[in-house]
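Residue numbers (this note's numbering): 143 to 348. Each residue gets a CB set at the ideal place from its N, CA and C atoms; glycine is no exception.
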């Protein structure tokens, strides 16, 4: 962490992440004084290079991740964001499963710890609530928004989706959880996320 940094924001990521969000995260958060650290499950590797969803028939963005999610704790960060597109579905994967057993994929375990910390801001945009759907307790009775094509998944996980006319709402804040509808709302999502981070810091100084 650099001397002038306000702290780090962890972004959970995997293959098929949203390129628009990735580009804007890398521009906006550093401009506000926050470092962005991409974290993932590396499967015993020192690093893994992930690609974004194809745009114009080309994978335009790549990121090399060196931070293993099992080696960090949520409290190491000022805030945590789950990137959109299909990356969070991939992070739900677990090698061994058993009837009645909770999902113990490393990213799900990390998210359980994060969401339990009421002073830690958690952000999810577009499809990224898929990771939360791996454990009903993560979304039960939470007010959220999301991409239209995962409405059923999110409602089945116990969340209340907030609507605005014939669409899901652009942005919803419920306690320490900030959700955005899709990448078209990424600027509003980031601005709100930083404002919520700064609120926590202001309370800490009182």
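Check                                                                                                     : Outcome
Residue 256, enclosing alpha helix (DSSP H) - first and last residue                                      : 248-257
Counted within 10 angstroms of its Cβ, other Cβ atoms place residue 290 as buried (16 or more) or exposed : exposed
Residue 222 beta carbon less than 8 Å from that of residue 152                                            : yes
Enclosing beta strand (DSSP E) for residue 191 [first to last residue]                                    : 190-193
Residue 173 - DSSP class collapsed to helix/strand/coil                                                   : helix
Residues that residue 263 bridges to, as DSSP identifies them                                             : 221
Residues that DSSP places opposite residue 310 in a beta bridge                                           : 305
8 Å Cβ cutoff met for residue 180 and residue 200                                                         : no
Which residues DSSP lists as bridging residue 210, in chain order                                         : 182
Exposure of residue 206, with buried meaning 16 or more beta-carbon neighbours within 10 Å                : exposed
Residue 275 versus residue 174 - alpha carbon distance                                                    : 31 Å
Start-to-end residues for the beta strand (DSSP E) that takes in residue 151                              : 149-154
Identity of the residue in 149, 154, 160 nearest residue 325 by Cα                                        : 160
Delimiting residues of the alpha helix (DSSP H) encompassing residue 293                                  : 293-298
Contact belief for residue 155 with residue 182 at Cβ below 8 Å, rounded distance in angstroms            : 5 Å
Whole-angstrom C-beta distance between residue 335 and residue 241, which should lie under 8 Å            : That belief does not hold up - the Cβ atoms of residue 241 and residue 335 are roughly 38 Å apart, past 8 Å.
Contact belief for residue 300 with residue 282 at Cβ below 8 Å, rounded distance in angstroms            : 4 Å
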